[in-house]
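Down below is the structure, laid out as C-alpha cells.
Number of protein chains: 2
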Amino acid sequence: MEIYHGDILYSENREKLNVYENSYIAVENGLVEGIYAQIPEKFSGVEVTDYGRALIIPAFSDLHVHAAQFIQRGIGMDLLLSDWLNIYTFPQESHFADPSYAEPIYEAYVNDMIRHGTFHACIFTTIHRHATNILFKKLEEKGLRALVGKVNMDFQSPDYLCETTEESLRETEIFLDEHSGGERVKPILTPRFVPTCSRELLWGLGKLGKKYQVGVQTHVVESRWEAAESLRLFPDCRSDSEIYEKAGLLGNGPSVFAHVIFPTEDDLRVMKEYHCTAVHCPDATNNVIAGIMAVDRLHREGLHLALGSDIGAGQQNGIYRQCAAAIKLSKLKEFYEPELGKTINIADSFYMATKAGGEVFGNVGTFEPGYVFDALVIDNLEDEGHPMTPAQRLERFCYAGDDRNIIARYLNGSFVRNA
Amino acid sequence: MEIYHGDILYSENREKLNVYENSYIAVENGLVEGIYAQIPEKFSGVEVTDYGRALIIPAFSDLHVHAAQFIQRGIGMDLLLSDWLNIYTFPQESHFADPSYAEPIYEAYVNDMIRHGTFHACIFTTIHRHATNILFKKLEEKGLRALVGKVNMDFQSPDYLCETTEESLRETEIFLDEHSGGERVKPILTPRFVPTCSRELLWGLGKLGKKYQVGVQTHVVESRWEAAESLRLFPDCRSDSEIYEKAGLLGNGPSVFAHVIFPTEDDLRVMKEYHCTAVHCPDATNNVIAGIMAVDRLHREGLHLALGSDIGAGQQNGIYRQCAAAIKLSKLKEFYEPELGKTINIADSFYMATKAGGEVFGNVGTFEPGYVFDALVIDNLEDEGHPMTPAQRLERFCYAGDDRNIIARYLNGSFVRNA
C-alpha cells in the first residue's frame with residue numbers, strides 16, 4: 000500500500016474533470032484503492048509521498064503512432080500526404096528490414112514515450128516481423144501497455160516496401176503465434192490502409208483475426224483521395240469501414256481507426272456497431288493530411304474517440320500537446336464547418352487522452368477504484384504569487400508545458416527511474 | 000573580431016534559405032563581416048569558437064506580443080475572443096496599475112523571451128505608464144531591441160481598465176517625452192484597437208505621432224466583429240486601416256498591424272502605401288480568434304509580413320514554434336479557402352520570423368554583412384547515426400525542438416550568460 004498527496008485530477012466522462020485538491024490517493028498492489036480528503040484511520044502508518052500542490056493525473060494513451068517514423072519527426076512537414084509518404088516515409092520504413100537499423104530507433108522511441116508520459120499505445124511498426132519483435136520486447140521489458148502491429152502491404156506499394164499476399168499472411172500468423180501469450184503488450188492486425196492491401200490479404204487477415212481473436216488498427220477515411228480509392232477498389236462496399244467489416248476484421252478485439260475525417264453514414268454505422276475507436280491525431284492531420292475530424296459531432300453520434308500522436312506525421316510524442324491541438328482544431332472546424340460541431344474544451348480532450356484511450360488497454364486511464372496506478376506528477380506551472388486552479392494548471396501544461404513539468408512517473412504503481 | 004564555426008543558415012528573401020555548411024562567420028564590433036568556407040588569411044590569428052555541426056541562425060523577432068498577458072499564457076484557451084478578454088485579460092491587465100505587481104511579471108517575460116531566442120519585439124503593455132516604464136528599462140538593460148507601447152483605451156472598455164481621452168493623450172505624451180532618446184528600445188503608439196478608442200483619441204494620437212515621429216501598433220481586421228464594429232463607429236472610412244490613415248497615425252514610423260485576417264481591398268491599399276507590417280500570429284488566432292491569415296495571398300500582394308507570439312492569446316514565446324504553426328495553418332487555409340493561397344514552407348516562415356520581422360528594428364534578422372550579430376546556436380536535433388541537412392534541422396527545431404536546443408545566444412555580438 001502506498002499513499003500519494005497532491006492535487007488529484009482525472010476524467011470519468013467527457014463532461015467534466017474530477018478534481019480533488021489537496022487530497023490523498025491510496026494505491027494497493029499497483030491499483031487505485033481510493034481518493035481521500037484526509038488519510039483514513041485504516042491507513043494510519045502507511046507512508047505518504049507528498050507532492051504538495053503538484054497535479055497527479057493518469058498517464059496518457061496514444062492510440063495511433065508509427066514507431067518506425069520516430070526518426071523522421073518534424074521533417075518534410077510542408078509536403079502533402081502522397082509526397083510525404085513517397086519521399087520520406089516509405090524509403091525510411093524500408094530500412095527496418097535490417098533489425099540492427101531498427102533497434103536504436105525503437106529504443107529512442109520507447110524512451111521518448113515514457114519521458115512524455117505515454118504509457119499505453121497502439122503502434123504501427125513496418126512490414127518487417129523481426130524488427131517488430133524488437134519493439135515488442137522493449138515495450139514488455141519497460142512494463143508499458145501496447146497493441147503492436149506488423150504492417151501489411153501487398154498492393155500499390157513501392158517495390159522496396161511490399162510483400163506478396165502469401166508472405167504477408169504467413170508472417171502475420173507467425174507474429175500472432177509468437178505473441179499469443181502477451182499480457183500487457185499484445186499483437187494487433189495492421190493492414191496499412193485499403194489502398195495498399197489486396198482483397199485477398201484483407202479477407203485473409205479477417206480469418207486470422209477470428210482464429211486468434213485479435214483486433215485491428217488501420218487508417219480510415221483519412222483523406223478524400225483515400226476514401227474514394229477504397230470505394231474504387233471495393234465497389235461492392237458502401238464505405239471504407241464496411242470493407243473491414245466484410246473482410247471479417249471487426250469484432251474480434253479492439254478496432255482502432257485513425258483519423259476518420261470524412262466518414263459517411265455507413266462509416267458511422269459500422270463504427271457504432273463494433274464500438275470502434277476513432278483516433279483524432281490533430282497535429283498529424285494538420286501537418287500532412289489537411290482536414291479536421293468533427294470531434295463534437297462524432298461524440299454526439301456516440302462514437303468512442305481517443306487521441307493519437309501519429310508520429311511521424313505528427314511531430315512529437317506528448318499526448319498532452321494533442322489535447323491542446325484538438326481544442327485548437329475544433330475552433331477552426333467550428334469556424335469553417337459550423338454544422339459539424341462546436342469547439343471542444345479541456346475536459347473533452349483530456350478525457351480522450353486518458354480514460355477513453357485507456358479503455359482499449361484495460362483498466363488504465365483514470366483513477367476510479369480498481370484502475371492501474373499509471374500516473375504522472377505535474378509541477379512548476381504556476382508563476383510565483385499567482386496560484387492557479389488544478390484545471391488551469393492542466394490546461395497550461397497541455398498548451399505550454401513540456402516533459403520538464405513531469406516530475407515523477409508511476410507505471411503499474413511503481414516509480415519510474417531514469418525517465 | 001570574433002569568428003564562429005558551424006552550419007550557418009539565414010534568410011535573405013522568402014524564396015529560399017541561405018545555407019553555409021561547415022563554414023565560418025566573422026563578426027567585427029558586433030556586426031557580421033562575412034561568411035567564409037575557410038578562414039581568410041587576413042583573419043589568421045583570430046580565435047575561432049567552434050560549434051561543430053550546430054546551426055548558427057539569426058535570433059527571432061516577435062512583432063506582436065502583450066507582455067502583461069505573460070502571466071495568463073495557456074489559460075482560458077477554449078474561450079472565444081470576447082469571453083477571453085472579459086474573463087481573463089481585462090481584469091488581469093487592470094492589476095498593472097500597481098508597478099509592484101507588474102515588476103516580477105515583466106522580469107519573467109523578458110527572461111523567457113531571451114530563453115526562447117526572441118531578441119526583438121513589438122510589445123503592448125497596458126494603459127499604465129509607470130508599469131510600462133519598468134518593462135522599458137528591463138529591455139534596455141538586457142540589450143534587447145524593442146518597440147514598446149503604453150496601451151490607449153478610452154471607449155467601450157471596462158470601468159477598471161479605461162482612461163479619459165485627455166488622460167490617455169497626456170500619459171502617452173509624457174511616455175514619448177521620457178523615451179525620446181531611446182536607442183535600442185523605443186516607444187510606439189498603441190491604440191488597443193478601434194472599438195476601444197474614441198475618434199478624439201485616435202486623432203490626438205495621430206498628432207503625437209507626427210510631432211514625435213513615432214510609429215503605431217494595433218490590431219487590424221482581426222475578427223469579423225471587430226472589422227464591422229470599426230466601420231460602424233467610423234462610417235466615413237472604408238476600412239479599419241483607413242481609420243488609422245485618416246487619424247494621421249501612419250507614415251510617422253513603423254506601422255505594425257496584428258492579425259489582418261479579413262482585409263478589404265482598402266486595407267490592402269493602405270498597408271501597401273505605408274509599408275505596414277502585417278503580423279501573423281498563428282497560435283493566437285487559432286486559440287481565441289478563429290480565422291487564418293491568407294499569408295500566401297498577402298505575400299503575393301506585396302505586403303510586408305512578420306510573425307508574432309501574441310502572448311497571452313498565443314501560449315508561448317518561441318517564434319520558432321510560430322514558424323511551424325504558420326505552415327500548419329497555411330495548409331488548412333489552402334484546404335478551406337484555396338482561392339486565398341497555397342501552403343507556405345519553412346523558407347517562407349523563417350523569413351517572416353527573422354529578416355522580415357527584424358527590418359522593423361534596424362539591421363537585425365539576417366547575416367548579410369553589416370547586420371548585427373544577434374544569433375542563436377541550435378544543436379542536438381539529430382539522432383545518432385542519422386545526419387540531417389541544416390534545413391531539416393531547422394524544420395525539426397521549429398516543429399519539435401524547444402529552448403533546450405538553443406545552446407548559445409549572441410546579442411549585439413556578445414555571448415549571453417544566464418539565459
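So the sequences go chain by chain: A and B.
Numbering that gives the first Met the number 0 numbers the first residue of the first sequence as 0 and each following residue consecutively.
Numbering that gives the first Met the number 0 numbers the first residue of the second sequence as 0 and each following residue consecutively.
The C-beta atom is built at its ideal place from N, Cα and C for all residues, glycine as well.
Endpoints, beta strand (DSSP E) assigned at residue i
i, result
"N17 of chain B", "L16 to E27"
"E32 of chain A", "L30 to Y35"
"I86 of chain B", "Premise fails: I86 of chain B is in no beta strand (DSSP E) and is neither H nor E."
"L410 of chain A", "I405 to L410"
"I377 of chain A", "A374 to I377"
"F256 of chain A", "S254 to H258"
"H303 of chain A", "H303 to L306"
"V269 of chain A", "It is not in any beta strand (DSSP E) - V269 of chain A instead sits in the alpha helix (DSSP H) that spans E264 to E272."
"V215 of chain B", "V215 to V219"
"H279 of chain B", "T276 to H279"
Distance between beta carbons of residue j and residue i, contact taken as under 8 Å
i, j, result
"N151 of chain A", "P190 of chain A", "5 Å"
"G356 of chain B", "Q68 of chain B", "Not confirmed; about 20 Å, so no contact."
"G290 of chain B", "S222 of chain B", "7 Å"
"V359 of chain B", "T276 of chain B", "6 Å"
"T342 of chain B", "I326 of chain B", "7 Å"
"E32 of chain B", "P368 of chain B", "6 Å"
"Y23 of chain B", "H4 of chain B", "5 Å"
"A407 of chain A", "F414 of chain A", "7 Å"
"F349 of chain B", "L393 of chain B", "7 Å"
"E140 of chain A", "D153 of chain A", "Wrong, their Cβ atoms sit about 32 Å apart, outside the cutoff."
Closer than 8 Å at the beta carbon, the chain B residues around residue i
i, result
"S289 of chain A", "Ser is not the amino acid found at residue 289 of chain A; the sequence shown has Ala there. K330, L331, E333 and F334, listed in chain order."
"I34 of chain A", "Within chain B, no residue comes near I34 of chain A; the closest Cβ sits about 25 Å away, beyond 8 Å."
"G384 of chain A", "P103"
Under 9 Å from the C-beta of residue i: neighbouring residues of chain A
i, result
"P337 of chain B", "The contacting residues do not exist; P337 of chain B stays about 11 Å from chain A at best."
"Q391 of chain B", "G73, I74 and G75"
Close beta carbons around residue i, own chain, < 6 Å, minus the five adjacent residues each side
i, result
"G73 of chain A", "Q314"
"N132 of chain A", "none"
"T419 of chain A", "What is shown of chain A runs 0 to 418, which leaves residue 419 of chain A out entirely."
"E199 of chain A", "T164"
"T48 of chain B", "Y3"
"D82 of chain B", "none"
"Q91 of chain A", "Q71"
Contacting residues, own chain, Cβ-Cβ under 8 Å from residue i (five flanking each side not counted)
i, result
"V45 of chain B", "M0, E1, I2, A25 and I38"
"E228 of chain A", "V193 and P194"
Proximal residues of chain B, C-beta to C-beta of residue i below 7 Å
i, result
"M351 of chain A", "Those within 7 Å of M351 of chain A in chain B number zero; the least Cβ separation is about 14 Å."
"N286 of chain A", "K327"
"Q321 of chain A", "Going along chain B, no residue has its Cβ under 7 Å from Q321 of chain A, so there is no contact; the nearest lies around 13 Å."
"D401 of chain A", "D401"
"D77 of chain A", "I326, T342, N344 and I345"
"Q314 of chain A", "Y398 and A399"
Residues that residue i bridges to, as DSSP identifies them
i, result
"S60 of chain B", "B:H119"
"K185 of chain A", "A:L146"
"Y398 of chain B", "DSSP, once it has assigned bridges, lists no residue as partnering Y398 of chain B."
"E1 of chain B", "B:V26"
"F414 of chain B", "B:Y409"
"S10 of chain A", "A:L16"
"N151 of chain A", "A:P190"
"L54 of chain A", "A:D6 and A:I377"
Contact list for residue i against chain A, beta-carbon separation under 8 Å
i, result
"D378 of chain B", "Simply none; closest approach about 15 Å."
"R72 of chain B", "R395, Y398 and A399"
"A107 of chain B", "D382"
Chain-ordered neighbours of residue i on chain A, where CB pairs are closer than 7 Å
i, result
"G340 of chain B", "Per Cβ cutoff of 7 Å: no residues; G340 of chain B is ~14 Å from chain A at best."
Limits of the unbroken alpha helix (DSSP H) element including residue i
i, result
"A101 of chain A", "P98 to R114"
"I318 of chain A", "I318 to Y335"
"T164 of chain B", "T164 to E177"
"H298 of chain A", "V294 to R299"
"N132 of chain B", "R128 to K141"
"H349 of chain A", "First, the residue type needs correcting, since residue 349 of chain A is Phe and not His in the sequence shown. Looking at the DSSP string, the run of the alpha helix (DSSP H) that includes F349 of chain A is I345 to Y350."
Cutoff 7 Å; reference residue i; Cβ partners in own chain excluding five residues on either side
i, result
"H129 of chain B", "P98"
"F89 of chain A", "P157 and L160"
"L62 of chain A", "C121, V255, T276, V278, A305, L306, G307, G356 and V359"
"K137 of chain A", "Y105, E106 and V109"
"G250 of chain A", "Y273"
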